[in-house]
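Colleague: One structure coming up, written as structure tokens, with questions to follow.
Protein chains: 2
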Amino acid sequence: MNQPKTIKNVLLEKSRTIEAALAQFMPAAGGPFAGHIESMHYSLFAGGKRIRPVLCLVAGAAVNSDPNVEQALLPAACALECIHTYSLIHDDLPAMDNDALRRGRPTNHTVYGEAAAILAGDGLLTFAFELLARPNPLLSTDRQLRIIEQVARAAGPEGMVGGQHLDITYENQSYPFSMLQTIHRSKTGALLTCSVQIGAIGAGASPEAEAALSAYGAALGLAFQIVDDLLDATATTEQLGKTAGSDEAHGKATYPAFFGIDKTRTLAREAAETAKAALAPLGPQATQLYQLADYVVSRSR
Amino acid sequence: MNQPKTIKNVLLEKSRTIEAALAQFMPAAGGPFAGHIESMHYSLFAGGKRIRPVLCLVAGAAVNSDPNVEQALLPAACALECIHTYSLIHDDLPAMDNDALRRGRPTNHTVYGEAAAILAGDGLLTFAFELLARPNPLLSTDRQLRIIEQVARAAGPEGMVGGQHLDITYENQSYPFSMLQTIHRSKTGALLTCSVQIGAIGAGASPEAEAALSAYGAALGLAFQIVDDLLDATATTEQLGKTAGSDEAHGKATYPAFFGIDKTRTLAREAAETAKAALAPLGPQATQLYQLADYVVSRSR
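Keeping their order, the protein sequence lines are chains A and B. Take the first sequence: its letter number 49 is residue 49 in full-length UniProt numbering, and every next letter is one higher. Take the second sequence: its letter number 175 is residue 175 in full-length UniProt numbering, and every next letter is one higher.
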């Protein structure tokens, strides 16, 4: 038997798979739309962690050991990364967080201008749905449609976009912890949870397994966001590849602002434990998801 | 037998159907995301002409007389209007055309601010795909997926968004007529053509009928855009409900700039004739599409 892979190796291997698939799926920067396509490539191929697509693939593998599952899920996994990248481009715009640095590079609008950056985001969001809808011989049309609906809900007005609207609306205002939870759940949690869910749907998980993975995804999304808040408050800009201390500078409520650093660390670990506990019904096939929950809490960027 | 309806009555009746369906499908402006949803409602329910969804419904009826076809197509028709509205909100932004008036009202960013307007557009675009992917008992999953893919392609990097990128890139520059054609085909033509195509797909058109409708849609899209250029140059702001003379003010090439007003009128009529000729294989069921082509050329806003 092979040595079990460390989670870092799994992440590295899967993120390479995603890079290759993104490069294959994205239109090449040629022809009349080369300028627009180049501006999308700039942000998409900037070395993100690829957490969402990796989660999708690993969740699929946790409920179905058929090696075709990864191939079946790749377009959806890449669509998640396109949507995540579009949200970063728009969040960074001067009208939003006005950030100059992202993934260790100047932000999209800094390089291509505001108008082109808005359109790069629009293009990536729209292209994500093309990827999700393209004929996929490894996925039934029923499952493909369910996945598209889930992604649209998670990214839409009552998910990620709605959360971003709350985030900018409540800048520099004091609000109760329940609002922070609503913002986190919608702005970051919804798409992370969705990443796990569509892995489950694409892999044909049983309703019980799908429920377990949904619970895992929700808790993992929370852990992820708490750690994001922590890193913003404690890490350096160089470590993060984006401007550190941005939350405080924008008057945004965060877990550390509500609870202090130490209690926040505890809450992140607790959320990861909740995520791991949700995996119990899945047995040893879910080991990598289990390890991913620990990784999310220990990550440094 | 009933009197044949005039095309104006058809447009009025179908646009009322669309208004009612949009009101039914859109999330209500309540709950935590009320502010975001309200900003989407503001632009969506501002009395647009609803040309794209009407085209979709009328194209469906032209190839399939089953009264269920309209019901089957309504979510897709409404999705087209959401996508068109998002494109208007983003086009009007200060970083793009910086327009203050749209559909006879202050533009979205003028009312809600730039950040909320960017998000209102993002929300409408994402919600459109939710609408397209929701379970639809009147449409096979195969057809639903084909429709989603078509819409994503028409609205995406090599369609509407790519066209808008060209449009802003070439502002105040001189370029050949072939580039104007590329911009028109992608920025406006692609989604108009798609509106007809998805009506055909949803109604189960034969490949021959689908090809005829695609040719119709492409020619109609061209006629529509030529008339848009004409109206921008000749109508008043009051008539248009948006700032007249905007093309010239932004240094945009248009049909009148290339050909003068009279020749442009002729070209619009020719495009409408091409559209009508493409309908020949469909017979008398296509009468309303035939009349719509004439309407598009004669419209005053």
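Every residue gets a Cβ at the ideal spot worked out from N, C-alpha and C, and that includes glycine.
Taking 9 Å as the CB-CB limit, is Phe33 of chain B close to chain A?
Modeller: For Phe33 of chain B, the answer is yes, since a Cβ of chain A falls inside 9 Å of its Cβ.
Colleague: When we look at the beta-carbon of Phe177 of chain A and count the other beta-carbons within 10 Å, is it buried (16 or more) or exposed?
Modeller: Label assigned to Phe177 of chain A: exposed.
Colleague: Just to confirm my understanding: we take Glu208 of chain A, look at its own chain, exclude 5 residues before and 5 after, and list those with CB closer than 7 Å. What are they?
Modeller: Pro281.
Colleague: With 9 Å as the limit, tell me which residues of the segment 120-132 of chain A have their beta carbon closer than that to any beta carbon of chain B; keep them in chain order.
Modeller: Hits within the stretch, in order: Ala120, Gly121, Asp122, Gly123, Leu124, Leu125, Thr126, Phe127, Ala128, Phe129, Glu130, Leu131 and Leu132.
Colleague: Along the alpha helix (DSSP H) that carries Met40 of chain B, what are the first and last residues, could you check?
Modeller: Residues Ala34 to Leu44.
Colleague: Starting from the beta carbon of Gln288 of chain B, find every residue of chain A whose beta carbon is closer than 7 Å, and list them in chain order.
Modeller: Those do not exist, as Gln288 of chain B stays about 29 Å from chain A at its closest Cβ, beyond 7 Å.
Colleague: Quick test of the definition: if touching needs 3 or more C-beta pairs under 8 Å, does the segment 54-62 of chain A touch the segment 5-23 of chain A?
Modeller: Because the criterion of three Cβ pairs below 8 Å is met, the segment 54-62 of chain A and the segment 5-23 of chain A touch.
Colleague: Measuring alpha carbon to alpha carbon, tell me which of B:Lys252, B:Arg50 and B:Ala117 ends up nearest Arg301 of chain B.
Modeller: Selected option, being the one with the closest Cα: B:Arg50.
Colleague: Give me the chain B residues within the contact set of Asp142 of chain A, using Cβ-Cβ distance strictly less than 8 Å, ordered along the chain.
Modeller: Thr141, listed in chain order.
Colleague: Buried or exposed, going by whether 16 or more other CB atoms sit within 10 Å of the CB of Glu210 of chain A?
Modeller: When all chains shown are included, Glu210 of chain A counts as buried.
Colleague: For Val151 of chain A, decide whether its Cβ has a neighbour in chain B, counting only Cβ atoms nearer than 9 Å.
Modeller: It does; some Cβ of chain B falls within 9 Å.
Colleague: In whole angstroms, what separates the C-alpha of Leu44 of chain B from that of Glu19 of chain B?
Modeller: Leu44 of chain B and Glu19 of chain B: Cα-Cα distance of roughly 9 Å.
Colleague: Using a beta-carbon distance below 9 Å, is Met1 of chain A in contact with chain B?
Modeller: Since pLDDT at Met1 of chain A reaches only 44, below the 50 mark, its modelled position is unreliable, and no value is offered.
Colleague: If we define contact as Cβ-Cβ less than 9 Å, is Thr193 of chain B a contact residue for chain A?
Modeller: It does not; no Cβ of chain A falls within 9 Å.
Colleague: Find the nearest neighbour of Gly156 of chain A within the set A:Ala235, A:Thr126 and A:Asn172, judged by alpha-carbon distance.
Modeller: It is A:Thr126.
Colleague: Please report the straight-line C-alpha distance between Thr141 of chain A and Ile198 of chain A, rounded to a whole angstrom.
Modeller: For Thr141 of chain A and Ile198 of chain A, the distance between alpha carbons rounds to 14 Å.
Colleague: How about Thr182 of chain B: is its C-beta nearer than 9 Å to some C-beta of chain A?
Modeller: Closer than 9 Å to some Cβ of chain A, the Cβ of Thr182 of chain B qualifies, so yes.
Colleague: With DSSP collapsed to three states, give me the class of Leu88 of chain A.
Modeller: It is helical.
Colleague: What alpha helix (DSSP H) runs, 4 residues minimum, are completely inside the segment 224-259 of chain A?
Modeller: Correct list: 237-240 and 246-249.
Colleague: Whose C-beta lies closer than 8 Å to the C-beta of Ala152 of chain B among residues of the same chain, with five residues either side of it excluded?
Modeller: Correct list, in chain order: Phe129.
Colleague: Of all the CB atoms in chain A, is at least one closer than 9 Å to the CB of Ser174 of chain B?
Modeller: Not an interface residue.
Colleague: Would you kindly report the start and end of the unbroken alpha helix (DSSP H) that includes Leu125 of chain A?
Modeller: Where Leu125 of chain A is concerned, the enclosing alpha helix (DSSP H) stretches over Glu114 to Ala133.
Colleague: Determine which residues share a DSSP beta bridge with Leu22 of chain B and list them.
Modeller: Answer is none; Leu22 of chain B lacks a bridge partner.
Colleague: Would you list, in chain order, the members of the segment 26-54 of chain A that have their beta-carbon closer than 7 Å to a beta-carbon of chain B?
Modeller: Listed in sequence order: Pro27, Pro32, Phe33, Gly35, His36, Ile37 and Met40.
Colleague: Here's a check: name, in chain order, each residue in its chain whose Cβ is nearer than 7 Å to the Cβ of Phe25 of chain B, leaving out the five neighbours to either side.
Modeller: Closer than 7 Å at the Cβ level, and outside the excluded window around Phe25 of chain B, lie Pro75, Cys78 and Leu131.
Colleague: With DSSP collapsed to three states, give me the class of Arg265 of chain B.
Modeller: DSSP places Arg265 of chain B in helix when its eight states are reduced to three.
Colleague: Just grab the DSSP bridge partners of Pro106 of chain A for me.
Modeller: Paired residues: A:Leu101.
Colleague: Can you pull the chain A neighbours of Thr169 of chain B, defined as C-beta to C-beta under 7 Å?
Modeller: Within 7 Å Cβ-Cβ: Gly35.
Colleague: So is Tyr86 of chain A buried or exposed if we call it buried at 16+ other beta carbons inside 10 Å?
Modeller: The residue in question, Tyr86 of chain A, is buried, as its Cβ has 16 or more Cβ neighbours within 10 Å.
Colleague: Considering Cα atoms alone, identify which of B:Gly260, B:Thr17, B:Ala272 and B:Thr188 is closest to Ile83 of chain B.
Modeller: It is B:Thr188.
Colleague: Leaving out five residues on either side along the sequence, give the residues of the same chain with a beta carbon under 7 Å from the beta carbon of Thr274 of chain A.
Modeller: Here the set comprises Ala219.
Colleague: Quick one: what's got a C-beta closer than 7 Å to Glu114 of chain B's C-beta in the same chain, skipping five residues either side?
Modeller: Leu93 and Pro94, listed in sequence order.
Colleague: Measuring straight from C-alpha to C-alpha, what distance separates Gly245 of chain B and Thr234 of chain B?
Modeller: Roughly 8 Å between the two C-alpha positions.
Colleague: Under the assumption that Asp294 of chain B contacts Thr264 of chain B (Cβ atoms under 8 Å), give the Cβ distance between them as a whole number of angstroms.
Modeller: Not really, about 17 Å apart at Cβ, beyond 8 Å.
Colleague: Identify whether Asn9 of chain B lies in helix, strand or coil by the three-state DSSP scheme.
Modeller: Helix.
Colleague: Tell me which residue opens and which closes the alpha helix (DSSP H) that Tyr170 of chain B is part of.
Modeller: Run containing Tyr170 of chain B: none; DSSP gives neither H nor E here.
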